[in-house]
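Undergrad:
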Amino acid sequence: MFKKTSIFKLYVLCFILIYVFIAVVNVKADSIVLSEVELISNDVSGPGANNSILNDGFKYNGNFNYTNRNEMDKYNFLFNIGLNTQEDRISEEQDLLISRLKASISSKDNSSVFNIGDTFEYFDQYVLNSSLKGISYKYNSPNNGNFKFVFGYDYPRWENIFNDDYQAVSRKSWGMNYNNKQNEKFKWGLSLLKTNDEKGVNDNDILYDNDIYGFNWEYYPIQGLTVKGSSAYGDTEESENDSFSGTAHKIKIFSNAKEGRASIDYERVEPGFKTLLGSATADRVKYKGSLLYRYSERINYNFDYIYFYDNLDGTKSSTTYYHKPGLGVSIRHIFNRRYASTSFKYNLNKKESDDMLVKDNRYTVNYRDRFKLLDMRISMSYSDQESELGDDLKKEDELTSNISLSTRKTINKYILRPTLRFGYFNNDNETEDISNSSFEKSFELGLDIPESRINSSIRFGEKEDNREEEDIRKLFANFSFYYRPLFLEKYNQGRIYLRLKYNDLSYSENYDKDIRENSISSGITINF
Numbered sequence: 043m044f045k046k047t048s049i050f051k052l053y054v055l056c057f058i059l060i061y062v063f064i065a066v067v068n069v070k071a072d073s074i075v076l077s078e079v080e081l082i083s084n085d086v087s088g089p090g091a092n093n094s095i096l097n098d099g100f101k102y103n104g105n106f107n108y109t110n111r112n113e114m115d116k117y118n119f120l121f122n123i124g125l126n127t128q129e130d131r132i133s134e135e136q137d138l139l140i141s142r143l144k145a146s147i148s149s150k151d152n153s154s155v156f157n158i159g160d161t162f163e164y165f166d167q168y169v170l171n172s173s174l175k176g177i178s179y180k181y182n183s184p185n186n187g188n189f190k191f192v193f194g195y196d197y198p199r200w201e202n203i204f205n206d207d208y209q210a211v212s213r214k215s216w217g218m219n220y221n222n223k224q225n226e227k228f229k230w231g232l233s234l235l236k237t238n239d240e241k242g243v244n245d246n247d248i249l250y251d252n253d254i255y256g257f258n259w260e261y262y263p264i265q266g267l268t269v270k271g272s273s274a275y276g277d278t279e280e281s282e283n284d285s286f287s288g289t290a291h292k293i294k295i296f297s298n299a300k301e302g303r304a305s306i307d308y309e310r311v312e313p314g315f316k317t318l319l320g321s322a323t324a325d326r327v328k329y330k331g332s333l334l335y336r337y338s339e340r341i342n343y344n345f346d347y348i349y350f351y352d353n354l355d356g357t358k359s360s361t362t363y364y365h366k367p368g369l370g371v372s373i374r375h376i377f378n379r380r381y382a383s384t385s386f387k388y389n390l391n392k393k394e395s396d397d398m399l400v401k402d403n404r405y406t407v408n409y410r411d412r413f414k415l416l417d418m419r420i421s422m423s424y425s426d427q428e429s430e431l432g433d434d435l436k437k438e439d440e441l442t443s444n445i446s447l448s449t450r451k452t453i454n455k456y457i458l459r460p461t462l463r464f465g466y467f468n469n470d471n472e473t474e475d476i477s478n479s480s481f482e483k484s485f486e487l488g489l490d491i492p493e494s495r496i497n498s499s500i501r502f503g504e505k506e507d508n509r510e511e512e513d514i515r516k517l518f519a520n521f522s523f524y525y526r527p528l529f530l531e532k533y534n535q536g537r538i539y540l541r542l543k544y545n546d547l548s549y550s551e552n553y554d555k556d557i558r559e560n561s562i563s564s565g566i567t568i569n570f
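In terms of our numbering, the sequence shown opens at residue 43 and continues consecutively.
Below, the structure is given as structure tokens:
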């Protein structure tokens, strides 16, 4: 669809559609147009050029978004279309794609809303929390109730409908939702969603016929305390003549006060429960608790714990249990310093079954301070990992640290923002006696000229990976320049930009992997 369409033709087509639309409604339009054109030139060389994520040569990117709002009599009208060009990595052809297409009509009091195109109507976590391409209608009753209806297809992009080159499972769905605010302390809702896969992409694709019935509620017994829950029943048939059903339930208690906040969650999802347009992990019981305690204006404590397991119906050979406790503290104005702050965090990730045990103890420390004009940030993380699978034992240690030193200095009409960064990573596999490490250092200098509406920065550095099999050295440099000229002032965020990127990867043993990448991109953005 629209193969190899030029940016010029794209814009001509869009503006023709805009003016036709405005002429039809015959009113003064309240419109917003956001467009961007970018030209890119890539030069990839070296024996390993085929492994680069960049395509060698010249290409362009274009983004266009148009929104029109109108008021006529008792109704509000909205029309939105977004178009962009996208290069196919394999064929290196560029398509004109529809990123957004929507029209809506709503009453002035917003009691009725009708949408066509890209629609998103949230029913419930288990029932519907995905967007569809179709239609939706919402009615807000003056008696504290609202009704929603939706019909459409779960396509990731519009090209799945119009272009055979973009194929996806044809998943049709329709549903209804009703929510009622019983009083100031209680509200509830009912949902129904029927989903049917009409056609797959491949002959071996599994197609589903899925019905979901949901019930949700919220209760506010006292100020600062909320209790809410969701329940759903799912009935599913597969194209392979298998059928299954199950339920899902979730309850959450949440409290928020001056001293802190706390929450407790419980969720149970049966193995036979499946949702296609909602979200749930089947065959799992989960408990979750978290607490934030404000000990003082300077000190906060964090506690959290997650525990879940599977094999609810006992059909698996063993049950897997997961434990994820966490403990942390954050302190401001430490050492009586105005800008100093620090945080400590401990997390355990434990997974165990009859023949398996995996543990990951992670310790994290962060520190931030300012010494006159110098801002300093330090972060360190240490991980101690152990795993047992039958008679196999494996131990690993990981250490990650990052240091950033930056400042900001104004000299006449110039603002300088230099930043120096260091990063270190080390992994020790004690079982196999293997050690891998990396060290990265870089310097960045930002230069802003507010009077001239210029923002720019340049960054260059080096990263060394020391691996057991070979060493890898990477040199990199990035430059960006953004200019908002006066002739684009009427276009709000109108700007012109230039970006340069350079990467040079060299391998100590496999020279045929060496790559050198140069990329230049420039563009213009207007918004009016």
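For each residue, glycine too, the CB sits at the ideal point set by N, CA and C. Computed from a predicted model, the values in this text were never measured in an experiment.
What span of residues does the alpha helix (DSSP H) with residue 202 cover, start to end?
TA: As a working mapping, residue 202 is identified with position 160 in the sequence shown. Residues 201-204.
Undergrad: Should residue 432 be counted as a contact of the ligand FMN given a C-beta to heavy atom distance under 7 Å?
TA: The ligand FMN is not among the ligands present in this structure, which contains no ligands whatsoever.
Undergrad: Within 10 angstroms of its Cβ, does residue 288 collect 16 or more other Cβ (buried), or is it exposed?
TA: Your numbering for residue 288 matches position 246 in the sequence shown. Buried, since its Cβ has 16 or more Cβ neighbours within 10 Å.
Undergrad: Residue 175 and residue 216 look like a contact to me (Cβ under 8 Å); what is the Cβ gap, rounded to whole Å?
TA: Taking the sequence shown and counting its residues from 1, one reaches residue 175 at position 133. Taking the sequence shown and counting its residues from 1, one reaches residue 216 at position 174. Not a contact, Cβ separation roughly 13 Å.
Undergrad: Within 10 angstroms of its Cβ, does residue 67 collect 16 or more other Cβ (buried), or is it exposed?
TA: If you number the sequence shown from 1, residue 67 lands on position 25. Only weak support is given to the placement of residue 67: the predicted model assigns it a pLDDT of 49, under 50, and the value that follows is read from those uncertain coordinates. Answer is exposed; the Cβ neighbour count stays below 16.
Undergrad: Specify whether the stretch 379-386 and the stretch 349-367 touch according to this definition: at least 3 beta carbon pairs, one from each stretch, less than 8 Å apart.
TA: Verdict: no, contact absent.
Undergrad: Can you tell which of 180, 465, 410, 398 has its C-alpha closest to the C-alpha of residue 164?
TA: Sequence index remark: in the sequence shown, residue 164 carries index 122 (1-based). Nearest option by C-alpha distance: 180.
Undergrad: Could you tell me whether the stretch 360-370 touches the stretch 390-401, using the rule of 3 or more Cβ pairs below 8 Å?
TA: Result yes; three or more Cβ-Cβ pairs closer than 8 Å.
Undergrad: Would you list the one or two residues that DSSP bridges to residue 367?
TA: Residue numbering aside, residue 367 sits at position 325 when the sequence shown is read from its first letter. Bridge partners of residue 367: 347.
Undergrad: Measure the beta-carbon distance from residue 324 to residue 311 and round it to whole angstroms, keeping in mind my assumption that it falls under 8 Å.
TA: Start at 1 with the first residue of the sequence shown, and residue 324 comes out as number 282. Start at 1 with the first residue of the sequence shown, and residue 311 comes out as number 269. Yes, residue 324 and residue 311 are in contact; Cβ-Cβ is about 5 Å, under 8 Å.
Undergrad: Taking the alpha carbon of residue 86 as the point to measure from, which residue in 564, 562, 569, 557 has its own alpha carbon closest?
TA: Position 44 of the sequence shown, counting from 1, holds the residue named residue 86. Looking at the Cα atoms, 557 is the closest of the given residues.
Undergrad: Use the C-beta contact count for residue 132: other C-beta atoms within 10 angstroms, 16 or more gives buried, fewer gives exposed.
TA: Here residue 132 corresponds to residue number 90 of the sequence shown, with the count starting at 1. Summary for residue 132: the model assigns pLDDT 41, below 50, so the residue's position carries little reliability, and this model does not support an answer.
Undergrad: With three or more C-beta pairs closer than 8 Å as the rule, is the stretch 256-264 touching the stretch 343-351?
TA: Too few Cβ pairs lie closer than 8 Å, so no.
Undergrad: Residue 376 by DSSP, collapsed to three states: which one?
TA: Translated into the one-based positions of the sequence shown, residue 376 becomes position 334. Residue state, collapsed to three classes: helix.
Undergrad: Using only CA atoms, which one of 108, 139, 147, 432 lies nearest to residue 203?
TA: Along the sequence shown, one-based indexing puts residue 203 at 161. Of the candidates 108, 139, 147, 432, the one whose C-alpha sits nearest the C-alpha of residue 203 is 139.
Undergrad: For residue 460, which beta-bridge partners are listed by DSSP?
TA: To locate residue 460, count along the sequence shown from 1; it is residue 418. Note: residue 460 sits in a beta bridge opposite 487.
Undergrad: Please determine if the stretch 212-231 and the stretch 188-200 are in contact, where contact requires at least 3 C-beta pairs separated by less than 8 Å.
TA: The stretch 212-231 vs the stretch 188-200: in contact.
Undergrad: Would you identify the three-state DSSP class for residue 554, choosing helix, strand or coil?
TA: As a position in the sequence shown, residue 554 is number 512, starting the count at 1. Reduced to three states, the DSSP call for residue 554 is helix.
Undergrad: Any idea what DSSP makes of residue 528, helix, strand or coil?
TA: To locate residue 528, count along the sequence shown from 1; it is residue 486. Looking at residue 528 - three-state DSSP - the assignment turns out to be helix.
Undergrad: List the residues that DSSP assigns as beta-bridge partners of residue 501.
TA: Within the sequence shown, numbered from 1, the residue matching residue 501 stands at position 459. Its beta-bridge partners are 486, 520.
Undergrad: Mapping DSSP to helix, strand and coil, what is residue 94?
TA: Sequence index remark: in the sequence shown, residue 94 carries index 52 (1-based). Reduced to three states, the DSSP call for residue 94 is coil.
Undergrad: Can you name the start and end residues of the beta strand (DSSP E) that residue 223 belongs to?
TA: One-based indexing of the sequence shown puts residue 223 at position 181. 212-223 is the span of the beta strand (DSSP E), which, as asked, contains residue 223.
Undergrad: Going by beta carbon distance, what residues of the same chain come within less than 6 Å of residue 487, once the five residues before and after it are set aside?
TA: For this step, residue 487 is matched to residue 445 along the sequence shown. These residues qualify, in order along the chain: 460, 500.
Undergrad: Identify whether residue 559 lies in helix, strand or coil by the three-state DSSP scheme.
TA: Numbered from 1 along the sequence shown, position 517 holds the residue referred to as residue 559. Strand at residue 559.
Undergrad: For residue 432, is the classification buried or exposed, using 16 other Cβ atoms within 10 angstroms of its Cβ as the cut-off for buried?
TA: Here residue 432 corresponds to residue number 390 of the sequence shown, with the count starting at 1. Result: exposed.
Undergrad: How would you label residue 434, buried or exposed, when you count the other beta carbons within 10 angstroms and need 16 or more for buried?
TA: The residue labelled residue 434 in the question sits at position 392 within the sequence shown. Flag for residue 434 reads exposed.
Undergrad: For residue 161, which residues in the same chain have their Cβ closer than 8 Å to its Cβ, ignoring the five residues on either side in sequence?
TA: Position 119 of the sequence shown, counting from 1, holds the residue named residue 161. Cβ neighbours of residue 161 beyond the five flanking positions: 144, 173, 174, 175, 176, 177, 178, 192, 194.
Undergrad: Contact between the stretch 241-249 and the stretch 267-276: three or more CB pairs below 8 Å?
TA: Cβ pair count under 8 Å is below three, so no.
Undergrad: From residue 93 to residue 510, what does the alpha carbon distance come to, in whole angstroms?
TA: Reading the sequence shown from its first residue, position 51 is the one you call residue 93. Reading the sequence shown from its first residue, position 468 is the one you call residue 510. So the two alpha carbons sit approximately 22 Å from each other.
Undergrad: Out of 309, 475, 481, which has the shortest C-alpha to C-alpha gap to residue 466?
TA: Position 424 of the sequence shown, counting from 1, holds the residue named residue 466. Closest by alpha carbon: 481.
Undergrad: What is the rounded straight-line gap between the Cα of residue 239 and the Cα of residue 110?
TA: Position 197 of the sequence shown, counting from 1, holds the residue named residue 239. Position 68 of the sequence shown, counting from 1, holds the residue named residue 110. Spanning the two alpha carbons is a distance of roughly 34 Å.
Undergrad: Kindly indicate the opening and closing residues of the beta strand (DSSP E) around residue 302.
TA: Here residue 302 refers to the residue found at position 260 when the sequence shown is read from its first residue. Per DSSP, residue 302 belongs to the beta strand (DSSP E) from 302-311.
Undergrad: Going by Cα to Cα distance, which pick from 95, 498, 125 is closest to residue 75?
TA: The sequence position of residue 75 within the sequence shown is 33, counting from 1. When only C-alpha atoms are compared, the closest one is 125.
Undergrad: Please work out which residues of its chain come closer than 6 Å, Cβ to Cβ, to residue 645, disregarding the five sequence neighbours upstream and downstream, and give them in chain order.
TA: This structure gives no information on residue 645, because the portion of the chain shown stretches from 43 to 570.
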